[in-house]
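Here the structure is laid out as structure tokens; the discussion comes afterwards.
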Amino acid sequence: NSFCTLLGAMRSSARPAPFNAEKIDTVLARVRELTAVRRYGDALRIIDSISLSRLAPDAAHDPAVAAQLNEASLFRAYALHELGRFDAALAAASQLQHAVLDEGDASQRDAILMRCTFKLRMWRRCTEHAEALIVQENDHLAVEALCTIGRITCIAFNRPEGAGNFFQQALERDATCSTAWDAIVDQWLLPPDRQRELLATLSFPPHLESLRDVYAARIAPSPRPDMSLTVSPTAGLDRSPVQLGDPTSGASANVPEHVMRYVRARASYQVNALREALGDVSASLAEWPEYTDAIVLKLAILVDLRATNELFEFAHRVADELKPSPALSAYAVGCYHFSVAAFDDAGRYFCRATELDPQFAPAWIAYGNNYARLEEGEQALNAYRRGQALFPGLTTVRVLIGVQHLRIGNAPLALCFLEEADALVPGDPLTLNEMGVHALRHERDLDGARHFFEAAYNALPNRDQPSEYHDCILFNLATVLRRLGEHEQALVHFQHYVRVRPYAVAGHAGLGLTHHILGNLKQAISHYHHALSLKADTVCRELLERALREDMNAAAERGFQPGPPSGAAAETSGWMDSELGTHPPRAFARPSASPGAATPGFSLSAISRIARSESQAPALGDGPSPAGVRQAPPAPTGGINRALAF
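Per full-length UniProt numbering, the sequence shown starts with residue 1, numbered consecutively.
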């Protein structure tokens with residue numbers, strides 16, 4: 001009996017005193033401190049130490065103690081959520097009833113339930129909790145709820161157009177919600193012009209007005225030359241355009257240095273100043289190595305420059321060191337394989353990127369273009385269609401779908417996609433170029449084709465030195481003018497094309513044919529010789545033979561009797577005996593920038609040009625395809641190169 005009495009006394013002395021309101025308040029203060037420094041595990045253990053069985057008798061029915069216990073339960077649910085234990089957090093938050101919570105705690109409970117159900121992919125319950133938050137007075141939680149519903153609409157219900165409305169509502173409530181703005185830009189929920197209009201209507205706090213220019217830096221540049229270098233989001237509306245390159249401009253002062261360098265690099269890239277663009281984007285990445293937009297742009301520039309060694313190093317640096325995201329790492333490695341024409345390997349990496357992050361637009365474009373290079377038109381169309389469904393404001397995929405339909409001869413459907421792309425982004429030179437190809441090939445409308453090609457030429461961001469994706473517009477316009485009989489104007493554009501691409505067989509052959517039609521046989525022979533020195537071709541050789549024979553006949557009429565032709569000039573064919581110009585040769589597809597160089601596949605970039613794709617089909621013309629002519633790589637249109645810009 002003495003031993004039992006002693007043991008009971010020891011247990012009574014070891015038992016801590018019961019909790020009262022003051023002690024619970026002290027514990028909650030410690031929990032708040034631990035939560036503020038993200039020590040959620042320690043906070044959770046302290047909260048679990050509070051239980052109803054250890055409350056003081058006079059505290060069991062105290063309303064203040066009940067409110068403190070509710071707060072402790074909320075802290076417990078929050079800590080479980082932050083520790084990734086979403087099932088336990090959902091159960092803990094569900095035990096709390098609205099009737100015993102004040103308005104603020106009820107909002108926090110709904111927020112925890114919304115976050116947990118989103119992580120657990122319980123979409124309908126998540127939507128219900130988010131809708132409950134939207135009607136409450138807490139603007140911060142309402143904005144979070146709108147963004148959550150927008151993400152659910154994109155991911156679960158596959159309705160990106162509807163998601164854009166929720167993100168716009170979030171920005172209207174709180175213009176500083178960068179999550180909503182990034183979703184609109186990254187997922188192309190709105191085309192660039194509508195993004196500018198939305199940004200112009202947002203109301204920022206006076207001390208955060210500089211955030212407007214930071215948002216504007218993320219908008220893709222306009223294809224129109226008069227807006228290609230502007231940073232102001234309201235250029236053409238109420239505010240005047242601001243040049244980022246001007247150090248005195250207000251936009252330059254408000255935008256961080258790495259963002260300003262990135263925007264300057266993007267503008268240089270659009271006007272084909274690749275070296276300047278590479279310098280600026282490298283400087284931007286030196287300040288912020290994980291800047292995703294700058295990484296994508298640098299990959300595009302290196303592909304365009306054919307700098308395979310530097311591209312190899314940069315891609316592996318992105319994948320092994322920077323690791324901005326798994327999808328971008330796979331995409332960077334795929335870009336290198338694409339640039340060295342390892343299309344099977346590139347396709348695997350691009351496919352992996354789309355699986356890791358279905359909302360990463362450049363991966364879908366690259367994936368489709370890779371299939372196009374492999375002449376897998378149906379697979380390319382599937383990738384483009386998926387991109388169209390995910391990114392409703394991205395005109396690139398619509399143009400690419402139209403191009404693929406042009407290749408298979410489905411002209412009416414191709415025209416629908418091209419017109420839709422032109423309605424979303426009016427004035428894009430590559431969209432106009434494809435509409436001109438459609439008018440010429442499928443409608444046989446030379447005047448209509450001329451209208452589209454001239455509009456595309458006038459919309460070029462850099463007419464004097466167009467990029468290798470835009471130079472096809474010069475060639476197509478020159479070809480249409482020649483077929484319309486405006487040979488002098490055709491010569492001007494052919495000469496411009498040859499000046500821009502001196503190693504292009506098509507340019508010298510077109511110049512030779514135009515001079516031949518005008519009767520300038522000496523110049524025609526010279527250009528035919530130049531074209532054949534770059535690439536052997538049967539049709540060009542036949543034209544050269546005919547020009548030589550006509551030149552000899554003209555010399556004979558002047559009194560000079562030449563001997564019989566020999567070698568190549570002695571070979572003739574029935575096609576050569578027809579009237580010049582009645583059966584003009586099929587226009588040659590443009591070769592790469594240097595003789596024998598491999599033509600790269602495409603250009604990548606989230607905010608500039610994502611992907612260049614070319615086609616095996618010959619370019620403009622109405623004669624048979626010349627045998628032996630090097631034709632452009634496959635995809636997206638009949639023999640015309642392009643870079644489709646973000």
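For each residue, glycine too, the CB sits at the ideal point set by N, CA and C.
Taking DSSP as the reference, what is the three-state secondary structure of residue i?
i: I408; result: coil
i: S228; result: Here the model assigns S228 a pLDDT of 32, short of 50, so the residue's position is not dependable, and the following value carries that caveat. Of the three classes helix, strand and coil, the one that applies to S228 here is coil, per DSSP.
i: S49; result: coil
i: Q169; result: helix
i: G29; result: Looking at the sequence itself, residue 29 is Ala, so the reference to Gly does not match. Reduced to three states, the DSSP call for A29 is helix.
i: A220; result: coil
i: T514; result: helix
i: C472; result: helix
i: F350; result: helix
i: A36; result: helix
i: C177; result: coil
i: S533; result: helix
i: A459; result: coil
i: H442; result: coil
i: V492; result: helix
i: S203; result: coil
i: V255; result: coil
i: V296; result: helix
i: G563; result: Reliability of the predicted coordinates at G563 is poor, the pLDDT of 46 falling under 50, and the value obtained from them is presented with this limitation in mind. Coil.
Below 8 Å CB to CB, which residues in the same chain sit around residue i once its five sequence neighbours on both sides are set aside?
i: P247; result: Residue placement at P247 cannot be trusted, given a pLDDT of 35 that sits under 50; the coordinates are not used to answer.
i: A319; result: S329, A330, A332, V333
i: T176; result: F204, P205, L208, L211
i: L44; result: R76, A79, L80, L83
i: L138; result: Looking at the sequence itself, residue 138 is Asn, so the reference to Leu does not match. Result list for N138: G104, S107, in chain order.
i: T35; result: A43, F75, Y78, A79
Would you call residue i buried or exposed, if buried means 16 or more other Cβ atoms sit within 10 Å of its Cβ?
i: N433; result: buried
i: A235; result: Unreliable placement is indicated for A235, whose pLDDT of 28 sits below 50; the coordinate value is still reported in the next sentence. Result: buried.
i: F157; result: exposed
i: K522; result: exposed
i: T479; result: buried
i: K298; result: buried
i: E545; result: buried
i: V37; result: exposed
i: S49; result: exposed
i: S94; result: exposed
i: T153; result: buried
i: R151; result: buried
i: P466; result: buried
i: H509; result: Note that residue 509 is Ala in the sequence shown, not His. Counting Cβ neighbours within 10 Å, A509 comes out buried, since at least 16 surround it.
i: T201; result: exposed
i: A286; result: exposed
i: N309; result: exposed
i: P412; result: exposed
For the ligand SAM, is there any heavy atom lying closer than 7 Å to the beta carbon of residue i?
i: T35; result: This structure lacks the ligand SAM, and indeed carries no ligand of any kind.
Less than 8 Å between the C-beta atoms of residue i and residue j, yes or no?
i: L133; j: L120; result: no
i: T395; j: T431; result: yes
i: P362; j: L390; result: no
i: A72; j: L80; result: no
i: I301; j: V281; result: yes
i: Q195; j: I219; result: yes
i: Y384; j: G368; result: yes
i: A145; j: C116; result: no
i: I365; j: V397; result: yes
i: L418; j: H438; result: yes
i: P392; j: L189; result: yes
i: A315; j: Y291; result: no
i: S284; j: R317; result: no
i: G347; j: N370; result: yes
Could you pull out every residue in the same chain whose Cβ sits closer than 6 Å to the Cβ of residue i, ignoring the five residues on either side in sequence?
i: S268; result: E276, A277
i: D110; result: H129, A132, L133
i: I24; result: Q68
i: A490; result: A478, L481, R482, T514
i: L113; result: A93, H129
i: F167; result: G150, A180, A183, I184
i: D381; result: Note that residue 381 corresponds to Leu in the displayed sequence, not to Asp. The answer, listed in chain order, is Q404.
By Cβ distance below 7 Å, which residues in the same chain neighbour residue i in space, the five residues on each side in sequence not counted?
i: V259; result: V214, A217
i: R30; result: I46
i: E321; result: none
Within the stretch 108-140, ranges of the alpha helix (DSSP H) (whole runs, at least 4 residues): Scanning the stretch 108-140 for uninterrupted alpha helix (DSSP H) segments of 4 residues or longer gives 123-134, listed from N- to C-terminal end.
Every unbroken beta strand (DSSP E) inside the stretch 354-430 [3 residues or more]: none
Ranges of the alpha helix (DSSP H) found wholly within the stretch 533-557, counting only runs of at least 4: 538-557
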